[in-house]
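Residue numbers (this note's numbering), protein chains in the order written: chain P, 1 to 328; chain V, 1 to 328. The C-beta atom is built at its ideal place from N, Cα and C for all residues, glycine as well. Here the structure is laid out as structure tokens; the discussion comes afterwards.
2 protein chains.
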Amino acid sequence: MTRAFVLAARPEGGPKPSDFELCHTPESAPAEGEVRVRNVFVSVDPYMRGRMTGVHTYVPPYEIGGSIDGAAVGRVVESHDERFAEGDWVVSQLGWCEAGVVAGHRLRKLDPSVAPPSTALGMLGMPGFTAWIGLVDIGRVSEGETIYVSGAAGAVGSAAAQIARLKGLRVIGSAGTAAKVEWLRSLGIEAFDYHETRPKEALADGIDAYFDNVGGVHLEAGLAALRPHGCVIACGAISRYNDLRAEPGPRNLFLMVTKRLRLQGFIVFDHNDRFPAFLAEVGPWVRSGELTYRETIVDGLENIPDAFAGLFRGDNVGKMLVRVGPDD
Amino acid sequence: MTRAFVLAARPEGGPKPSDFELCHTPESAPAEGEVRVRNVFVSVDPYMRGRMTGVHTYVPPYEIGGSIDGAAVGRVVESHDERFAEGDWVVSQLGWCEAGVVAGHRLRKLDPSVAPPSTALGMLGMPGFTAWIGLVDIGRVSEGETIYVSGAAGAVGSAAAQIARLKGLRVIGSAGTAAKVEWLRSLGIEAFDYHETRPKEALADGIDAYFDNVGGVHLEAGLAALRPHGCVIACGAISRYNDLRAEPGPRNLFLMVTKRLRLQGFIVFDHNDRFPAFLAEVGPWVRSGELTYRETIVDGLENIPDAFAGLFRGDNVGKMLVRVGPDD
């Protein structure tokens, strides 16, 4: 038997413990081409909130009583795929569970001598890749520009802010605690606490691009601050994911016309062919320490739902992870 | 002496007659390189409403007590520029007045044997050019796609809807009266009256692009109906120009992310180098009758403010013009 969370109820507003149920499920034996993996780090990501609403968007929704798949890093326990051996570190989509059986072609092997395996869920995984795609392919940002990154201490935000800085941009970033602001400042980001300073004031000098992770007042302030021909890289809107009903959009959206702005939404999964190019550019920065990352690690499988809820409280500095098993 | 309107007060809400004052002004003699022009048709355009608010956007605002420049078509009365002769038809930025003196390099000569001069203010002028730039350069629309054009019986809308149809798109268009809907249907547009049918219902089959002239509920419906990777060509928002305060934007703006949409604002003046390409493609369609146009012509200089106010009441079918002098 192994343990896995299922969705017990669709969250109304912020996710609650009772929305999830930890179940014991029988373990199946891996068939030819399959691999049994024991999870070590399970990822909780803001986009998962959307999958809990029951609406099909770019990914199928989680179903009531169904498993909660998502990114996880673990080790191979038993392999029937010649590409993997016992003990290998792999990244999978096993999600919120202890262990599981996966087709080998759906796994990516990690080399722990290159970077700690947990980074495959953060700076060198989906969040970092999202930041890079947003800046490079969507925003097409250039050296010397000024960019605003909201949620700059989050997994995507801290990647976007630092990659932008390494590419020679001036970076303004918002975060919600003094500790986050301090960390960002130590990285060369002009950070502000949005509880203390209104985004509109922090952006008074004007910006060329806005990397939106938050939505709401941040988007409205970004539109107001953007210079003509600027761009909104529309990545996320964590301030809105728990809304009980659809809230109105920015009051100044007509600035899109008068300032000839572009607002471009994107989903990183569309850009998977660019993953090698991302790793080739960002991997060396991580190894050299030019690009730093933080992880907020919660221990214990049973704490996954609370770690997930914590994303919306801003509990995490950098990437939020749950350690569900020994990492040796 | 000649007569010209000046801005008497910044309109609050819909423009009122008392916001404008018709003044008698002395006539200056044209200097070398200048041309004296007698207006025949004066254009009233929705974008002028923004210039009355006193905020500098992409054009300077109109000043209290100052003239109201804008597109006009007229005839040369006296020329000190060898490129122009008495009687020539020209398009100028003389705006809301009877006559004036203009530097020759700021005039474009019209050939009345090619198209009626008034078309230089509509289908073959700024509105038609706006529609073409929006479709071709901003939306980059393709044959076989479905596009929604709001305000489809207006000057820009009727150009956008027909150009899209001639380029092989399926075109859905909204308008506010039965007569407008009937006209649009006769042109092969799937038109609906937005007082009778909610845009959301009219677009239930989905669209690939949305040419927004109206904003408000039309934009929200457009976002809801757009297919993944679709585009909003953000041209105007006539439903909002008279708002007394900034109203909230669409409640479903996050669809920009989940559907990877692009919303691109533009101002036609940025694209003036494309005007010859526009005339080369659209001119022949107008001459052959494949592209039709309507004009709503109000007579009398003194009626310019009411014609302008009529734009926001939907008084015009096609291009709204004011005839301020004899056209022979």
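Start and end residues, beta strand (DSSP E) containing residue i
{"i": "P/M123", "result": "From DSSP, P/M123 is part of no beta strand (DSSP E); its letter is neither H nor E."}
{"i": "P/E34", "result": "E34 to S43"}
{"i": "P/G265", "result": "R262 to G265"}
{"i": "P/R240", "result": "Careful: P/R240 lies outside any beta strand (DSSP E) and carries neither H nor E."}
{"i": "P/K210", "result": "Checking the sequence, you will find Tyr at residue 210 of chain P rather than Lys. I207 to D212 is the extent of the beta strand (DSSP E) around P/Y210."}
{"i": "P/R108", "result": "R108 to L110"}
{"i": "V/T292", "result": "Per DSSP, V/T292 belongs to no beta strand (DSSP E) and is neither H nor E."}
Local conformation of residue i per DSSP, three classes
{"i": "P/K167", "result": "coil"}
{"i": "V/G144", "result": "coil"}
{"i": "V/P228", "result": "strand"}
{"i": "V/T2", "result": "strand"}
{"i": "P/I138", "result": "helix"}
{"i": "P/E196", "result": "coil"}
{"i": "P/G215", "result": "coil"}
{"i": "V/V298", "result": "strand"}
{"i": "P/S174", "result": "strand"}
{"i": "P/I233", "result": "strand"}
{"i": "P/G386", "result": "This structure leaves residue 386 of chain P out entirely; chain P is present only between 1 and 328."}
{"i": "P/V114", "result": "coil"}
{"i": "V/E12", "result": "coil"}
{"i": "P/A152", "result": "coil"}
{"i": "V/E190", "result": "strand"}
Proximal residues to residue i (C-beta, below 6 angstroms), its chain only, five neighbours per side dropped
{"i": "V/G265", "result": "A234"}
{"i": "V/R108", "result": "V91"}
{"i": "V/D314", "result": "Reading the sequence as shown, one finds Gly at residue 314 of chain V and not Asp. Here the set comprises G176."}
{"i": "P/R36", "result": "P30, V77, E78 and V101"}
{"i": "P/S158", "result": "G318"}
{"i": "V/A329", "result": "Absent from the structure is residue 329 of chain V, since the part of chain V shown begins at 1 and ends at 328."}
{"i": "V/P11", "result": "D19 and M52"}
Residues of its chain near residue i, where Cβ-Cβ distance is below 8 angstroms and the 5 sequence neighbours each way are ignored
{"i": "P/S174", "result": "Y148, V149, S150, G151, A152, A191, F192, D193, Y194, P199, A202, V214 and H218"}
{"i": "P/G222", "result": "Y148, S150, P199, L203, I207, Y210, D212 and V232"}
{"i": "P/F312", "result": "G14, P15, P46, R49, I238, Y241 and N242"}
{"i": "P/L255", "result": "L223, A224, L226 and L261"}
{"i": "P/D299", "result": "V322 and R323"}
Endpoints, the alpha helix (DSSP H) within which residue i is located
{"i": "P/A308", "result": "According to the sequence shown, residue 308 of chain P is Phe rather than Ala. Where P/F308 is concerned, the enclosing alpha helix (DSSP H) stretches over I304 to R313."}
{"i": "V/W285", "result": "F275 to S288"}
{"i": "V/V322", "result": "No alpha helix (DSSP H) holds V/V322; the beta strand (DSSP E) holding it covers K319 to R323."}
{"i": "P/G181", "result": "In the sequence on display, residue 181 of chain P carries Val and not Gly. From DSSP, the alpha helix (DSSP H) with P/V181 extends over A178 to S186."}
{"i": "V/V257", "result": "L255 to T258"}
{"i": "V/K200", "result": "P199 to A202"}
Spatial neighbours of residue i in its chain, beta-carbon cut-off 7 angstroms, leaving aside the 5 residues before and after
{"i": "P/S333", "result": "There is simply no residue 333 of chain P to check, as chain P begins at 1 and stops at 328 in what is shown."}
{"i": "P/A31", "result": "H80"}
{"i": "P/G104", "result": "G33, E34, V35, D81, R83 and F84"}
{"i": "P/Y62", "result": "L7, R51, M52 and I68"}
{"i": "V/P127", "result": "A155, V156, A159 and K319"}
{"i": "P/V55", "result": "P61"}
{"i": "V/N252", "result": "E220, L223 and A224"}
{"i": "V/E145", "result": "L169, D208 and A209"}
{"i": "P/E247", "result": "R240"}
Open item on the list: Give me the subset of the region 243 to 273 of chain V whose CB atoms are less than 9 angstroms from a CB atom of chain P, sorted by chain position.
Closed with: Of all residues in the region 243 to 273 of chain V, R245, A246, E247, P248, G249, P250, R251, N252, L253, F254, L255, M256, V257, T258, K259, R260, L261, R262, L263, Q264, G265, F266, I267 and D270 have a Cβ within less than 9 angstroms of some Cβ in chain P.
Task: Residues, ordered as in the chain, of the region 114 to 131 of chain V that lie near chain P by beta-carbon distance below 7 angstroms - done: Residues: none.
- [ ] Would you list, in chain order, the members of the region 46 to 71 of chain P that have their beta-carbon closer than 8 angstroms to a beta-carbon of chain V?
- [x] Among the residues of the region 46 to 71 of chain P, those with a Cβ less than 8 angstroms away from any Cβ of chain V are G50, T57 and Y58, in the order of the chain.
Task: Residues, ordered as in the chain, of the region 215 to 234 of chain V that lie near chain P by beta-carbon distance below 9 angstroms - done: Of all residues in the region 215 to 234 of chain V, those with a C-beta nearer than 9 angstroms to a C-beta of chain P are G215, L219, E220, P228, H229, V232 and A234, reading in chain order.
Task: Ordered list of alpha helix (DSSP H) runs contained in the region 20 to 103 of chain P, each at least 4 residues - done: Complete alpha helix (DSSP H) runs here, min 4: 47 to 51.
Task: Near-chain P residues of the region 272 to 290 of chain V - C-beta to any C-beta below 7 angstroms - done: Residues: none.
Open item on the list: Please identify, using Cβ separations under 9 angstroms, the residues of the region 177 to 206 of chain V that lie next to chain P, in order along the chain.
Closed with: Hits within the stretch: zero.
- [ ] With 8 angstroms as the limit, tell me which residues of the region 8 to 22 of chain P have their beta carbon closer than that to any beta carbon of chain V; keep them in chain order.
- [x] Here the close residues number zero.
Open item on the list: For the region 129 to 154 of chain V, list every residue whose C-beta sits within 7 angstroms of some C-beta in chain P, in sequence order.
Closed with: Taking 7 angstroms as the Cβ-Cβ cut-off against chain P, none of the residues of the region 129 to 154 of chain V qualify.
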